[in-house]
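Before any comments, here is the structure.
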Amino acid sequence: MFSCIEMKQLCCALLLGTLFSCQAISTLQHQKIVLKSGEVSFSSFQNRIEIPVEVARYKTKFIVDTGAMFSVICNPSFLDQRLLDRAVRFGKIVGASGKTQAQKLLSVPAKSALFESENKVFAVVPIIQSRCTPNENKVQGIVGMDLFYQQDRPLLLAFSTQKISLLDLPVDTNQLHQNGYVLVTSKFKRAAIFVYGKLEEKPFWFQLDSGFSGTAAVQQSAKNKFKNPAKKQYVGTAFQTATQHTYALETFHNGLAFSWGDRAQKIACVESGSLKKARLGFGFMQGYDWIFDFRNKQIYAKRNSNKIPESFKNSQAYRVLAGDKLRIVLKDKSAKKFHLGDEILAVNGQKVTAENCCQLEQVLNNTPNWDQLELLVSSNK
0 MFSCIEMKQL CCALLLGTLF SCQAISTLQH QKIVLKSGEV SFSSFQNRIE
50 IPVEVARYKT KFIVDTGAMF SVICNPSFLD QRLLDRAVRF GKIVGASGKT
100 QAQKLLSVPA KSALFESENK VFAVVPIIQS RCTPNENKVQ GIVGMDLFYQ
150 QDRPLLLAFS TQKISLLDLP VDTNQLHQNG YVLVTSKFKR AAIFVYGKLE
200 EKPFWFQLDS GFSGTAAVQQ SAKNKFKNPA KKQYVGTAFQ TATQHTYALE
250 TFHNGLAFSW GDRAQKIACV ESGSLKKARL GFGFMQGYDW IFDFRNKQIY
300 AKRNSNKIPE SFKNSQAYRV LAGDKLRIVL KDKSAKKFHL GDEILAVNGQ
350 KVTAENCCQL EQVLNNTPNW DQLELLVSSN K
């Protein structure tokens, strides 16, 4: 049910804050980015768009995140310390829950099939990553919309072929319509991209956020009053942002009625007490091919054959996370046997250790009914 812990990887809901130094201003003003005519294939491992990049002469993979207003280096361990010492302080980052932390900027050479720069500016933001995630699967960095937002070239994000490319100008709208693309109601705000849609006829402006691995999420509000009966409520940690794990009441809706333009469908959607904006994530975006026309501030979309999730896969009552201890971090609101913060000491007679906690985390999170397990638990109550 939950991505990262499982449902979320909003690792770069970034906002530019107050400028703290003339050096930061100069760093941003002097960066030069050249967009290229290449096409790059992407992988969609763990519901995220990954492309090859080279940053500071180091070849790696970054996530392409339409919800990120700035490009980010998330795991700076691959950088020479002398480069990191050159980073300058610049504003703050704001996670999806609103918590902030200081941000630093670093100018380094960077390139991919889509762009090239000798002084691309990245925010350096070491993000929270699970100890159970193998190093090769950890997020190294993010390609944000700052690369494309001020440029003229439209960006094609084709989930049908898993390719990204930049289109030539001018955009032939007649040809787009002939090829099945539809102009959607949208708005551009700074480097953020929004589309208009309705949940049970209630209007929302959804940020298109491919860095969010779920399908859809809206902020918890008394005004929503969704009538959908196929829902479950959880309390605890369901989302992870760049700066923290969140804590809130989360309502998971299966088959919630959604419409945008002339399309109507059922989708999986979270009504969240920890998010500040409505979002359509990877789960929804993969069902379309997209053209982002930054010059004219327009978005075109074409339905492809990829399925858009209508429901959440798992429905277990509890969820654990291996941190310093193996603890329950999310629970069905109605579940009474265990409590948030309870520590799992042993599973089926096997004591939890630093060496096996990730394995046991997987066992617990993939067992719908914990009554099938013999558990030794230290209560938080």
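Counting along the sequence shown from 1, when you hit position 59 you're at 58 in numbering that gives the first Met the number 0, and nothing is skipped either side.
Backbone N, C-alpha and C fix where the C-beta goes; we use that ideal spot for every residue, glycine too.
In this text, all values refer to a predicted model and were calculated from it rather than measured experimentally.
(Q) Whole angstroms are fine: how far does the CA of valine 181 sit from the CA of glutamine 174? (A) For the purposes of this step, residue 174 is taken as the residue at position 175 of the sequence shown. For the purposes of this step, residue 181 is taken as the residue at position 182 of the sequence shown. Taking the straight line from one Cα to the other gives about 11 Å.
Q: Could you tell me which of Leu83, Glu270, Gly143, Phe337 sits nearest to serine 224, measuring between CA atoms?
A: The count along the sequence shown starts at 1 and reaches residue 224 at position 225. A quick correction: the sequence has lysine, not serine, at residue 224. Selected option, being the one with the closest Cα: Glu270.
**Q.** For phenylalanine 283, the three-state DSSP class (helix, strand or coil)
**A.** As a first step, residue 283 is located in the sequence shown; it is residue number 284 there, counting from the start. The answer is helix: DSSP assigns phenylalanine 283 an H, G or I state.
Q: Note down, in chain order, each residue of its chain lying with its Cβ closer than 8 Å to the Cβ of arginine 262, except the 5 sequence neighbours on either side.
A: If you number the sequence shown from 1, residue 262 lands on position 263. If we look at arginine 262 and ignore the five residues flanking it on each side, its Cβ neighbours are Arg302.
Q: Within its chain, find whatever has a CB closer than 7 Å to the CB of phenylalanine 281; leave out the 5 residues flanking it on each side and keep chain order.
A: In the sequence shown, the residue the question calls residue 281 occupies position 282. Closer than 7 Å at Cβ, skipping near neighbours: Asn46, Arg47, Ser209, Phe211, Ser212.
(Q) Rounded to whole angstroms, what is the Cα-Cα separation between asparagine 118 and valine 217? (A) For the purposes of this step, residue 118 is identified with residue 119 of the sequence shown, where counting begins at 1. For the purposes of this step, residue 217 is identified with residue 218 of the sequence shown, where counting begins at 1. Each residue's alpha carbon lies about 37 Å from the other.
Q) With respect to the beta strand (DSSP E) encompassing glutamine 206, which residues constitute its N-terminal and C-terminal limits? A) Stepping through the sequence shown from its first residue, residue 206 is reached at position 207. Membership of glutamine 206 in the beta strand (DSSP E) is indicated by the continuous run 201-207.
Q: Tell me whether proline 133 is buried or exposed, calling it buried when 16 or more other Cβ atoms sit within 10 Å of its Cβ.
A: Along the sequence shown, read from residue 1 onward, the residue named residue 133 stands at position 134. With fewer than 16 Cβ atoms within 10 Å of its Cβ, proline 133 is classed as exposed.
Q) Looking at alanine 86 and lysine 110, is the spacing between their C-beta atoms short of 7 Å? A) As a working note, residue 110 is residue 111 in the sequence shown. As a working note, residue 86 is residue 87 in the sequence shown. Not in contact: lysine 110 and alanine 86 (Cβ atoms no closer than 7 Å).
Q: Give me the Cα-Cα distance between serine 96 and lysine 276, rounded to the nearest whole angstrom.
A: The residue you call residue 96 lines up with position 97 of the sequence shown. The residue you call residue 276 lines up with position 277 of the sequence shown. Since pLDDT at serine 96 reaches only 49, below the 50 mark, its modelled position is unreliable, and the value read off the structure follows with that caveat. The alpha-carbon atoms of serine 96 and lysine 276 are separated by roughly 9 Å.
Q.
Check this for me: beta carbons of lysine 332 and glutamine 232, under 7 Å apart or not?
A. In the sequence shown, the residue the question calls residue 332 occupies position 333. In the sequence shown, the residue the question calls residue 232 occupies position 233. Against a cut-off of 7 Å, the Cβ pair of glutamine 232 and lysine 332 comes out as a contact.
Q) Buried or exposed: which applies to glycine 235, given that a residue is buried once 16 or more other Cβ atoms fall within 10 Å of its Cβ? A) Taking the first residue of the sequence shown as 1, we reach residue 235 at position 236. Burial call: buried.
Q: Tell me, please, whether the stretch 140-150 touches the stretch 68-85 by the rule of three or more beta-carbon pairs shorter than 8 Å.
A: As far as the Cβ criterion goes, the stretch 140-150 touches the stretch 68-85, which means the pair count is three or higher.
Q: Using only alpha-carbon positions, find the residue among Ala334, Tyr317, Leu198 that is nearest to cysteine 268.
A: Indexing the sequence shown from 1 puts residue 268 at position 269. The residue with the shortest Cα to Cα distance from cysteine 268 is Leu198.
Q. Measuring CA to CA, which of Gln22, Val120, Lys60 is closest to isoleucine 32?
A. Residue 32 sits at position 33 when you count from the first residue of the sequence shown. Nearest C-alpha to isoleucine 32: Val120.
Q) Does DSSP classify histidine 29 as helix, strand or coil? A) For this step, residue 29 is matched to residue 30 along the sequence shown. DSSP places histidine 29 in helix when its eight states are reduced to three.
Q) Okay, do the stretch 324-331 and the stretch 281-297 touch, 3+ Cβ pairs below 8 Å being the bar? A) no
Q.
Out of Ala221, Leu165, Glu49, His252, which one is the CA nearest neighbour of asparagine 227?
A. As a position in the sequence shown, residue 227 is number 228, starting the count at 1. Of the candidates Ala221, Leu165, Glu49, His252, the one whose C-alpha sits nearest the C-alpha of asparagine 227 is His252.
Q: Determine the DSSP secondary structure at alanine 95, reduced to helix, strand or coil.
A: Looking up residue 95 in the sequence shown gives position 96. Note that alanine 95 scores a pLDDT of 49, beneath 50, so its modelled location is shaky; the value from the coordinates is reported in the next line. Residue state, collapsed to three classes: coil.
Q. Do the stretch 333-346 and the stretch 292-308 meet, that is, are 3 or more Cβ pairs less than 8 Å apart?
A. Counting C-beta pairs closer than 8 Å gives fewer than three between the stretch 333-346 and the stretch 292-308, which falls short of the contact rule.
Q. So, using beta-carbon positions, are leucine 168 and aspartate 151 closer together than 7 Å?
A. Within the sequence shown, residue 168 is the residue found at index 169, counting from 1. Within the sequence shown, residue 151 is the residue found at index 152, counting from 1. Result yes, Cβ atoms of leucine 168 and aspartate 151 sit closer than 7 Å.
Q. Which value, in whole angstroms, describes the spacing of the CA atoms of alanine 345 and lysine 336?
A. Here residue 345 refers to the residue found at position 346 when the sequence shown is read from its first residue. Here residue 336 refers to the residue found at position 337 when the sequence shown is read from its first residue. Alanine 345 and lysine 336: Cα-Cα distance of roughly 16 Å.
Q | Run of the beta strand (DSSP E) containing valine 328, from where it starts to where it stops | A | The residue given as residue 328 occupies position 329 in the sequence shown. Per DSSP, valine 328 belongs to the beta strand (DSSP E) from 325-331.
Q. How many angstroms separate the CA atom of lysine 35 from the CA atom of glutamate 200?
A. Against the sequence shown, residue 35 aligns to sequence position 36. Against the sequence shown, residue 200 aligns to sequence position 201. If I take the Cα positions, the gap works out to 41 Å.
Q | From Leu325, Gly348, Ala334, residue whose alpha carbon lies closest to that of cysteine 357 | A | As a working note, residue 357 is residue 358 in the sequence shown. Nearest option by C-alpha distance: Leu325.
Q | Where the alpha helix (DSSP H) containing valine 362 begins and where it ends | A | Position 363 of the sequence shown, counted from the first residue, corresponds to residue 362. That run of the alpha helix (DSSP H) goes 356-364.
**Q.** Closest residue to aspartate 323 among Ala353, Ala23, Thr214 (Cα-Cα distance)
**A.** Here residue 323 corresponds to residue number 324 of the sequence shown, with the count starting at 1. Relative to the Cα of aspartate 323, the nearest Cα in the group Ala353, Ala23, Thr214 belongs to Ala353.
Q | Secondary structure, beta strand (DSSP E): runs of 3+ residues fully inside the stretch 260-313 | A | 262-271, 287-292, 297-302
Q) With respect to the alpha helix (DSSP H) encompassing asparagine 173, which residues constitute its N-terminal and C-terminal limits? A) Your numbering for residue 173 matches position 174 in the sequence shown. Asparagine 173: member of the alpha helix (DSSP H) spanning 172-177, first to last residue.
(Q) Taking the alpha helix (DSSP H) that leucine 83 belongs to, which residues open and close that run? (A) As a position in the sequence shown, residue 83 is number 84, starting the count at 1. It spans 80-83 - the alpha helix (DSSP H) in which leucine 83 sits, taken as one unbroken run.
Q) Which whole-angstrom value describes the C-beta separation of isoleucine 163 and isoleucine 50, a residue pair presumed to lie in contact below a C-beta threshold of 8 Å? A) In the sequence shown, the residue the question calls residue 163 occupies position 164. In the sequence shown, the residue the question calls residue 50 occupies position 51. The beta carbons of isoleucine 163 and isoleucine 50 sit about 7 Å from each other, so the pair counts as a contact at 8 Å.
(Q) Helix, strand or coil, according to DSSP, for proline 75 in the structure here? (A) Within the sequence shown, the letter at position 76 stands for residue 75. Helix at proline 75.
Q | Close Cβ partners of phenylalanine 203 (< 8 Å) along its chain, the five nearest in sequence each way excluded | A | Counting from 1 along the sequence shown, the entry for residue 203 is found at position 204. These residues qualify, in order along the chain: Tyr195, Gly196, Lys197, Val217, Ala277.
(Q) Can you check which of these residues, Asn365, Lys350, Ile290, Ile266, is closest to glutamine 315 by C-alpha distance? (A) Mapped onto the sequence shown, residue 315 falls at position 316. Ranking the options by Cα distance to glutamine 315, first place goes to Asn365.
Q: Could you tell me how far apart the beta carbons of isoleucine 266 and leucine 274 are, in whole angstroms, since I believe they sit closer than 8 Å?
A: For the purposes of this step, residue 266 is identified with residue 267 of the sequence shown, where counting begins at 1. For the purposes of this step, residue 274 is identified with residue 275 of the sequence shown, where counting begins at 1. Rounded, the Cβ-Cβ distance is 16 Å, inconsistent with contact.
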